[in-house]
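Heads up: the structure comes next, in structure tokens.
2 protein chains.
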Amino acid sequence: MATIRDVAKLASVSVATVSRVINKNGYVNKQTEIKVLESMKLLNYKPHTIARALSNKQTYTLALILPDITNPFFPELARAIEDTATKFGYSLILANSDSNKEKTTSYIESLTNRYVDGIIFASHELSLDKINQIKDSGIPMATLDRAVNLKGLPSIGVQNYEGGIMAVKHLLSMGCSKIGHICGPIYYHTSIERYKGYVDALEDINQFHPSYVVQGDFSIESGFEMANRLLSNHPEIDGIFAANDLMAVGALKALIRLKKKIPEEVALIGFDGISITSQMEPEISTIAQPIYQIGAMAVNCLIDQIQKKIPCEQSGQELELKLVARASTLKSKGHSSI
Amino acid sequence: MATIRDVAKLASVSVATVSRVINKNGYVNKQTEIKVLESMKLLNYKPHTIARALSNKQTYTLALILPDITNPFFPELARAIEDTATKFGYSLILANSDSNKEKTTSYIESLTNRYVDGIIFASHELSLDKINQIKDSGIPMATLDRAVNLKGLPSIGVQNYEGGIMAVKHLLSMGCSKIGHICGPIYYHTSIERYKGYVDALEDINQFHPSYVVQGDFSIESGFEMANRLLSNHPEIDGIFAANDLMAVGALKALIRLKKKIPEEVALIGFDGISITSQMEPEISTIAQPIYQIGAMAVNCLIDQIQKKIPCEQSGQELELKLVARASTLKSKGHSSI
DNA sequence: TTGTAGGCGTTATCAT
DNA sequence: ATGATAACGCCTACAA
Numbered sequence: 001m002a003t004i005r006d007v008a009k010l011a012s013v014s015v016a017t018v019s020r021v022i023n024k025n026g027y028v029n030k031q032t033e034i035k036v037l038e039s040m041k042l043l044n045y046k047p048h049t050i051a052r053a054l055s056n057k058q059t060y061t062l063a064l065i066l067p068d069i070t071n072p073f074f075p076e077l078a079r080a081i082e083d084t085a086t087k088f089g090y091s092l093i094l095a096n097s098d099s100n101k102e103k104t105t106s107y108i109e110s111l112t113n114r115y116v117d118g119i120i121f122a123s124h125e126l127s128l129d130k131i132n133q134i135k136d137s138g139i140p141m142a143t144l145d146r147a148v149n150l151k152g153l154p155s156i157g158v159q160n161y162e163g164g165i166m167a168v169k170h171l172l173s174m175g176c177s178k179i180g181h182i183c184g185p186i187y188y189h190t191s192i193e194r195y196k197g198y199v200d201a202l203e204d205i206n207q208f209h210p211s212y213v214v215q216g217d218f219s220i221e222s223g224f225e226m227a228n229r230l231l232s233n234h235p236e237i238d239g240i241f242a243a244n245d246l247m248a249v250g251a252l253k254a255l256i257r258l259k260k261k262i263p264e265e266v267a268l269i270g271f272d273g274i275s276i277t278s279q280m281e282p283e284i285s286t287i288a289q290p291i292y293q294i295g296a297m298a299v300n301c302l303i304d305q306i307q308k309k310i311p312c313e314q315s316g317q318e319l320e321l322k323l324v325a326r327a328s329t330l331k332s333k334g335h336s337s338i
Numbered sequence: 001m002a003t004i005r006d007v008a009k010l011a012s013v014s015v016a017t018v019s020r021v022i023n024k025n026g027y028v029n030k031q032t033e034i035k036v037l038e039s040m041k042l043l044n045y046k047p048h049t050i051a052r053a054l055s056n057k058q059t060y061t062l063a064l065i066l067p068d069i070t071n072p073f074f075p076e077l078a079r080a081i082e083d084t085a086t087k088f089g090y091s092l093i094l095a096n097s098d099s100n101k102e103k104t105t106s107y108i109e110s111l112t113n114r115y116v117d118g119i120i121f122a123s124h125e126l127s128l129d130k131i132n133q134i135k136d137s138g139i140p141m142a143t144l145d146r147a148v149n150l151k152g153l154p155s156i157g158v159q160n161y162e163g164g165i166m167a168v169k170h171l172l173s174m175g176c177s178k179i180g181h182i183c184g185p186i187y188y189h190t191s192i193e194r195y196k197g198y199v200d201a202l203e204d205i206n207q208f209h210p211s212y213v214v215q216g217d218f219s220i221e222s223g224f225e226m227a228n229r230l231l232s233n234h235p236e237i238d239g240i241f242a243a244n245d246l247m248a249v250g251a252l253k254a255l256i257r258l259k260k261k262i263p264e265e266v267a268l269i270g271f272d273g274i275s276i277t278s279q280m281e282p283e284i285s286t287i288a289q290p291i292y293q294i295g296a297m298a299v300n301c302l303i304d305q306i307q308k309k310i311p312c313e314q315s316g317q318e319l320e321l322k323l324v325a326r327a328s329t330l331k332s333k334g335h336s337s338i
């Protein structure tokens, strides 16, 4: 491997000059620049990223901490983040925290020692001391899903409340009148907002029944179980809004086993817009998050902080959701959507 | 951030001594060791990973190149790899190649410059020059799915041929007699082996019909399309073996739309054992790969190479598959499996 | 416009 | 058993 010194020697200049042409900073004569460039080609010289990192304190590496890449919500997000990071010349380190406090702490420590340039936190489990731990280390970070809402802590999220309303209104527009809700864990901000949207949309028309709400944990299994419970307690229910797509998938399974005609007898809508919803039969309607955009924004935000040292403008921004109406809600002559 | 020099000063020893206790090599007096250790605690000293990497030429970072983390096969693999890497103190860089030659090349270059300690290649697209490119760079690598079979190139795979036989035999044991096959792209080693297994199992009993085979591209969409084609050309088919689970999912969708009773009229089995198969209704039978184990072995193999400089023993090993019989093949009083 | 030299934080070779 | 000190490869004042 050729070093900067080899290049300097071959081009008969100093390493400083070579460094200048590499980094395009400082004055350098056009002639010498060409000479240097040629030498670099000749020697097939590539700057040593590690050495550069030591000197610069920039590793061009980002880290993504998420609960579990095996959860179908995250691959799409990870993809967006990796794509965008790569676009800017950054590598992406993946960390599965299992929403576990110890693992999270240990990852943060290890990433801090590796001097990653930024950390994206897509996990709900983010205690205040963890945040401060990162802040103290001086590493820029961004959180997703509004895990926390802190001054100076960039966070990208979606309009969960409005999404809840959209889901219910869609169900109503398809003729449902007894709408059940499988909500997520109540200690998640996202669950609560979606739930509130559900409540408000129904209270508006005096149709809210507390017993039509059951609580799952965002997993397929809980969706299956809760849909069964909902329908055994309230056979009259003709529409279900699941707080996320995975629970909707579980609910679909339950509905099919119960021999319910979908959407005629029971319509079903999820939330998130992950691709698995379109692979089911019938395809499941959903309130889609701009997942790719969220990931891309998070990276942009981080890189802004890293490079321009500016705080993220998108901080706290809530992106819009989009209704994706599919077979699980579209009755015969129902309306459609994009 | 405290440096090794700070620790040395506080403990009134030289940096060399501190380095010795950090790395537990060389002689060091018990007393001084304690003094040094205390100083480290006191200053909350953590060795600077980057500096260490520069000196050691070891970054404690592995890279995983795969086609697309969004493909449901890969998150499970990535999870296994990340888990195992972490266990050994390594971080994992994720790279989505989209099976694209240029992207792959550019990743390899970038990873090479980052001096990752090892690369795991889970992509089918691996031309010989790419391999040599990595080999020349001296970075240990491992490939999955027997993408290539080269002397000295560790490769972990499964018994695809036997798997094909298992799938067909299972279908036969459930009473199917007209078994179709949706095979994968013929330029993939895995596709061919599975196909051969299918052929041999049927030829054994004189039941092989070339026209019962159609070709997909491992995607859900192609599975959907090919199942439709298969059944429209051969309505008598009562069993389908899809060469991977994603195509099985697509096929399931097609069968349901065609109002086929599953498994009574048409039984269906996939290949891979990804979790999505158990989330469908009916649940899809499959020939399961030990995905987690594969990932773990790949990492072990790499770390063996890195640390002990020994070639991987598992090189070229083909792991066993396991039949997972579920509702999509289990007729009434059918047999079961683990 | 270009070169010299010190520093980034560790490791490892030699002495002592 | 311990300590100087030269690498590792690059960047960047500061000089020239």
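From first to last, the protein sequence lines are chains L and Y.
Per the UniProt record's numbering, residue 1 is the first one in the first sequence, and the count goes up by one each step.
Per the UniProt record's numbering, residue 1 is the first one in the second sequence, and the count goes up by one each step.
No residue lacks a Cβ here, since even glycine has one placed at the ideal position from N, Cα and C.
Between residue i and residue j, which are expected to be in contact by the criterion C-beta below 8 angstroms, what is the C-beta distance as a whole number of angstroms?
{"i": "Ile287 of chain Y", "j": "Gly250 of chain Y", "result": "Not quite, the Cβ-Cβ distance comes to about 17 angstroms (not below 8 angstroms), so this is no contact."}
{"i": "Leu62 of chain L", "j": "Ala78 of chain L", "result": "Contact doesn't hold; Cβ gap of about 11 angstroms is too wide."}
{"i": "Leu46 of chain L", "j": "Asn113 of chain Y", "result": "Note on identity: in this sequence residue 46 of chain L is Lys, with Leu being the wrong assignment. With a Cβ gap of about 5 angstroms, Lys46 of chain L and Asn113 of chain Y count as contacting."}
{"i": "Ser98 of chain L", "j": "Asp145 of chain L", "result": "Note that residue 98 of chain L is Asp in the sequence shown here, rather than Ser. That pair is no contact at about 17 angstroms."}
{"i": "Met252 of chain L", "j": "Leu268 of chain L", "result": "Looking at the sequence shown, residue 252 of chain L is not Met but Leu. Leu252 of chain L to Leu268 of chain L, Cβ: 6 angstroms. Contact."}
{"i": "Leu302 of chain Y", "j": "Ala142 of chain Y", "result": "5 angstroms"}
{"i": "Ser275 of chain L", "j": "Glu76 of chain L", "result": "7 angstroms"}
Should residue i go down as buried or exposed, given a rule of 16 or more other Cβ atoms within 10 Å for buried?
{"i": "Lys261 of chain L", "result": "exposed"}
{"i": "Met280 of chain Y", "result": "buried"}
{"i": "Phe130 of chain L", "result": "For clarity, residue 130 of chain L is Lys in the given sequence; the question names Phe instead. Looking at its Cβ environment, which holds 16 or more other Cβ atoms inside 10 Å, Lys130 of chain L is buried."}
{"i": "His335 of chain Y", "result": "Its pLDDT being 47, under 50, His335 of chain Y is placed unreliably in this model, and the coordinates cannot settle the point."}
{"i": "Lys308 of chain L", "result": "exposed"}
{"i": "Asp117 of chain L", "result": "buried"}
{"i": "Gly223 of chain L", "result": "buried"}
{"i": "Pro154 of chain Y", "result": "buried"}
{"i": "Pro235 of chain Y", "result": "exposed"}
{"i": "His124 of chain Y", "result": "buried"}
{"i": "Ile81 of chain L", "result": "buried"}
{"i": "Tyr212 of chain Y", "result": "buried"}
{"i": "Gln31 of chain Y", "result": "exposed"}
{"i": "Ile338 of chain L", "result": "Reliability of the predicted coordinates at Ile338 of chain L is poor, the pLDDT of 43 falling under 50, and the value obtained from them is presented with this limitation in mind. Result: exposed."}
{"i": "Gly138 of chain L", "result": "exposed"}
{"i": "Arg5 of chain Y", "result": "exposed"}
{"i": "Glu193 of chain L", "result": "buried"}
{"i": "residue 347 of chain Y", "result": "Lying before the first or after the last residue shown, residue 347 of chain Y is absent from chain Y, which here runs from 1 to 338."}
{"i": "Tyr27 of chain L", "result": "exposed"}
{"i": "Glu225 of chain Y", "result": "buried"}
{"i": "Ser191 of chain Y", "result": "buried"}
{"i": "Tyr187 of chain L", "result": "exposed"}
{"i": "Ile93 of chain Y", "result": "buried"}
Taking the alpha-carbon of residue i as reference, which of the options has the nearest alpha-carbon?
{"i": "Ser91 of chain L", "options": "L:Ile119, L:Pro75, L:Glu109, L:Gln159", "result": "L:Ile119"}
{"i": "Pro290 of chain L", "options": "L:Val158, L:Ala51, L:Ser97, L:Tyr115", "result": "L:Val158"}
{"i": "Asp245 of chain L", "options": "L:Gly175, L:Gly216, L:Gly316, L:Tyr27", "result": "L:Gly216"}
{"i": "Tyr115 of chain L", "options": "Y:Tyr60, Y:Met247, Y:Ile139, Y:Ile306", "result": "Y:Tyr60"}
{"i": "Ser173 of chain L", "options": "L:Lys9, L:Ser12, L:Arg229, L:Pro263", "result": "L:Pro263"}
{"i": "Ala327 of chain Y", "options": "Y:Pro282, Y:Asp204, Y:Gln317", "result": "Y:Pro282"}
{"i": "His181 of chain L", "options": "L:Glu162, L:Pro210, L:Asn160, L:Ile205", "result": "L:Pro210"}
{"i": "Gly197 of chain L", "options": "L:Tyr161, L:Cys176, L:Phe218", "result": "L:Tyr161"}
{"i": "Gln293 of chain L", "options": "L:Ile192, L:Glu318, L:Gly270, L:Phe271", "result": "L:Glu318"}
{"i": "Leu128 of chain L", "options": "L:Phe271, L:Ser110, L:Thr104", "result": "L:Thr104"}
{"i": "Asn56 of chain Y", "options": "Y:Asn23, Y:Ser110, Y:Leu202, Y:Lys9", "result": "Y:Asn23"}
{"i": "Leu321 of chain L", "options": "L:Ile179, L:Gly270, L:Cys183, L:Asn71", "result": "L:Gly270"}
{"i": "Ala243 of chain Y", "options": "Y:Thr17, Y:Lys9, Y:Val299, Y:Ile179", "result": "Y:Ile179"}
{"i": "Gly295 of chain L", "options": "L:Ala122, L:Ile34, L:Asn100", "result": "L:Ala122"}
Give the residues from the stretch 268-299 of chain L that approach chain Y closer than 8 angstroms (Cβ to any Cβ), ordered along the chain.
Ser275, Ile276, Gln279, Met280, Glu281
Would the stretch 233-247 of chain L and the stretch 160-173 of chain L be scored as touching if the rule is three or more Cβ pairs under 8 angstroms?
yes
Any C-beta of chain Y within less than 9 angstroms: which residues of the UniProt domain "HTH lacI-type" (2-56) of chain L qualify?
Lys46, Pro47, His48, Thr49, Ile50, Ala51, Ala53, Leu54
If contact means a Cβ-Cβ distance below 7 angstroms, which residues of the stretch 113-131 of chain L contact chain Y?
Asn113, Arg114, Tyr115
Could you name the residues of the stretch 84-110 of chain L whose beta carbon sits closer than 9 angstroms to any beta carbon of chain Y, in the order they occur along the chain?
Thr86, Gly89, Ser91, Leu92, Ile93, Leu94, Ala95, Asn96, Lys103, Ser106, Tyr107, Glu109, Ser110
Could you run through the stretch 217-237 of chain L and flag, in chain order, every residue whose CB is less than 8 angstroms away from some CB of chain Y?
Ile220
At a CB distance below 8 angstroms, what residues from the stretch 253-268 of chain Y approach chain L? Give them in sequence order.
Lys253, Ile256, Arg257
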